[in-house]
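A.B. asks: Residue numbers (our numbering), protein chains in the order written: chain A, 2 to 278; chain B, 16 to 164.
Beta carbons are placed, not taken as given, at the ideal position from N, Cα and C, and that holds for glycine.
All values derive from a computational prediction rather than experimental measurement.
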């Protein structure tokens, strides 16, 4: 993990006397997310969105009424970039850069290679490095995969079948727990939970048993893989999302392309990434 | 499972996308291609004279995008994955699908951001178009309200 792999390219340059409102717009438009700041031709630091936010007028309407426009318009880049520029050499460690930034109110350091500024390292970039380190130290791969299967009794559901096959392969490769969820919109919730449900209970119980058998046939021989089936009643999207939340799924696999309404609805509310097969 | 993942990048530091690529490909390894799609550029004309030609503009934009991705590529390589970056110009969904076919991607990974109405109208439903037309599975995560893979 080196500074080079986490730093940003130096964006455009602003003058320290530029209006802060103009600078805020420049920072927003800059793909690197920060700009360099010069004072009489010499680099004095870098301006990040956090600097602009800290020095700029209040974003709270309740406070903004006390800030007269003629005063806030006088704010310049100098109000946001204060103190000496932090300069770290390209071959310094990320720890050295973090210590240098921590000792000052600046939120970005200039990275130099000899006399040339080759990049900018912000507090956000350092946080990114910490996150990456934590992720590398944590468990790799996926631990819990959930696949949504529709119409298990019907042979004409190739989308579900291939989603299930993809999910089985992913679970096998990652040695992950696989949950196969099937939601029956017209099944009584009480029956799905194993309770009595009035006059048509027998019919519903028969439908549930049929679904279980079909699902088992569809999954087939899993050869040591940890697979559990989950049959739910009610709205399909709600059922899939509830199953994902209940199993803390790392990944949801759904079939039904192209342009599946179910897939889009699951993506919009899913607690984890969704693989659309 | 997937050994060639095309990761669509729309920000300089695609943290969520990197997490996915790492976790999805962790057991078997493989190749990750980071794809940046930039809007088509036009020649800059001032007072009837061409100040910057399209290819000059594209070269500049391409270099800036590649510089931004250099670090990400290096970090993926540190994880033992094959990593490369590609920059295309044009309509995002068409460029992503063309890149997926040309590179023979086995999965396309993309981040869905909540778009304001005018932006959605301007750019179209990029994720929706890719889901409809992709020849390979598509991994989609939202930019917020979701834990990384």
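#1: Counting contacts by CB-CB distance shorter than 8 Å, is residue 42 of chain B in contact with chain A?
#2: Taking only beta-carbon positions, decide if residue 158 of chain B is within less than 8 Å of chain A.
#3: For residue 183 of chain A, which residues in the same chain have their Cβ closer than 8 Å to its Cβ, ignoring the five residues on either side in sequence?
#4: Does residue 104 of chain B come out as helix, strand or coil in the three-state DSSP assignment?
#5: By how many angstroms is the C-alpha of residue 97 of chain B removed from the C-alpha of residue 39 of chain B?
#6: At the level of alpha carbons, what is the spacing between residue 79 of chain B and residue 144 of chain A?
#7: Could you work out which residues of chain B lie near residue 276 of chain A, taking near to mean beta carbons separated by less than 7 Å?
#8: Span of the beta strand (DSSP E) holding residue 17 of chain A?
#9: Pick from A:93, A:2, A:137 and A:250: whose alpha carbon is nearest that of residue 36 of chain B?
#10: Once DSSP output is grouped into helix, strand and coil, what is the label at residue 49 of chain A?
#11: Hey, quick one: how far does the alpha helix (DSSP H) through residue 101 of chain A stretch, first residue to last?
#12: Which same chain residues end up closer than 6 Å to residue 227 of chain A when comparing Cβ atoms and leaving out the 5 residues on each side of it in sequence?
#13: With a threshold of 8 Å, are at least 3 pairs of Cβ atoms found where one atom belongs to the region 17-32 of chain A and the other to the region 99-118 of chain B?
#14: Quick one: what does DSSP say residue 74 of chain A is sitting in, helix, strand or coil?
#15: Tell me the DSSP secondary structure of residue 203 of chain A in three-state form.
#16: So is residue 174 of chain A in contact with chain B if we call contact Cβ pairs under 8 Å?
#17: How many whole angstroms separate the CB atoms of residue 175 of chain A and residue 142 of chain A, which I take to be in contact at a CB cut-off of 8 Å?
#18: Leaving out five residues on either side along the sequence, give the residues of the same chain with a beta carbon under 6 Å from the beta carbon of residue 108 of chain B.
C.D. replies: On the basis of the data shown:
#1: Answer yes: the Cβ-Cβ gap between residue 42 of chain B and chain A drops below 8 Å somewhere.
#2: By the rule that beta-carbons nearer than 8 Å mark a contact, residue 158 of chain B does not touch chain A.
#3: Cβ neighbours of residue 183 of chain A beyond the five flanking positions: 149, 150, 151, 153, 212, 216, 230, 231, 232 and 233.
#4: Strand at residue 104 of chain B.
#5: Computed Cα separation, rounded: 14 Å.
#6: It is roughly 37 Å from the alpha-carbon of residue 79 of chain B to the alpha-carbon of residue 144 of chain A.
#7: Result: 152 and 154.
#8: Premise fails: residue 17 of chain A is in no beta strand (DSSP E) and is neither H nor E.
#9: Check the Cα spacing between residue 36 of chain B and each of A:93, A:2, A:137 and A:250: the tightest is with A:137.
#10: Reduced to three states, the DSSP call for residue 49 of chain A is coil.
#11: Per DSSP, residue 101 of chain A belongs to the alpha helix (DSSP H) from 95-103.
#12: Annotation for residue 227 of chain A: 178 place their beta carbon closer than 6 Å to its own, counting only its chain and skipping 5 residues before and after.
#13: Counting Cβ pairs under 8 Å, fewer than three are found: no touch.
#14: Residue 74 of chain A sits in coil when the DSSP states are folded into three classes, being neither helix nor strand.
#15: Helix at residue 203 of chain A.
#16: Yes - at least one Cβ of chain B is within 8 Å of the one on residue 174 of chain A.
#17: By a beta-carbon distance limit of 8 Å, residue 175 of chain A contacts residue 142 of chain A. Their separation comes to about 4 Å.
#18: Closer than 6 Å at Cβ, skipping near neighbours: 141, 144 and 145.
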